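Engineer: Can you read through this structure? Questions will come right after.
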Amino acid sequence: MKKNFVPGLPALLLIIFFASCKKEVNTTSTNAKLIFKFKFDSTQVRLNNIGQPQGVAPGNAGQSPVFNKMSAHYIELAPTAVTALGAGAILYHAPETTIGGSTAIDFEKAIFAGNNETFYSIPLKNVTPGEY
């Protein structure tokens, strides 16, 4: 009995074997991000309009609500305390509508997040460098 041997067959099989192997590519992003999360604390110290602790005035009452979810309309980083609205780095502006007349928040398209959940994140490379 005569054996037929093809001299290039083993090399061809090795090439096909190694060409069919694919290296796994990690597609997850490892870029640094600026992350905005909501923190709900019904026992938090009450703050005034400039962020200083302030008690409830005599003769008035206060509430300590429990939040399940919350949304935000606008996120802007301002370089100083007197920077005009819109003059800082605007990171997020929620969808708006004019269906009812004047411009208003479109709550049907609003993003909501719960306690310790990420509301919004943006890669740091997309944030204008500066001091805020």
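Per numbering that gives the first Met the number 0, residue 0 is the first one in the sequence shown, and the count goes up by one each step.
Glycine is no exception: its CB is placed at the ideal position from the N, C-alpha and C atoms.
These numbers were taken from a predicted model, which means no experiment stands behind them.
Between which two residues does the beta strand (DSSP E) containing Ala-88 stretch?
Structural biologist: Element bounds for Ala-88: 88 to 92.
Engineer: Compute the beta-carbon to beta-carbon distance between Tyr-73 and His-92, rounded to the nearest angstrom, for a pair I have assumed lies under 8 Å.
Structural biologist: Going by Cβ atoms, the distance from Tyr-73 to His-92 rounds to 5 Å, so yes, they are a contact pair.
Engineer: Find the nearest neighbour of Ile-49 within the set Leu-33, Ala-80, Gly-61, judged by alpha-carbon distance.
Structural biologist: For Ile-49, the nearest C-alpha among the options comes from Ala-80.
Engineer: Distance check for Ala-56 and Asp-105, CA to CA, integer angstroms please.
Structural biologist: Looking at the two C-alpha atoms, the distance is approximately 35 Å.
Engineer: Tell me the rounded alpha-carbon separation between Ile-34 and Lys-108.
Structural biologist: Roughly 20 Å between the two C-alpha positions.
Engineer: So for Lys-124, helix, strand or coil by DSSP?
Structural biologist: Helix at Lys-124.
Engineer: From Ala-31, Gly-58, Thr-127, Ser-41, pick the residue whose C-alpha is nearest to that of Ala-86; which is it?
Structural biologist: It is Thr-127.
Engineer: Given Asn-115, which residues of its chain have a CB within under 8 Å of its CB, disregarding the five upstream and five downstream residues?
Structural biologist: Excluding sequence neighbours, Asn-115 sits near Lys-36, Phe-37, Lys-38.
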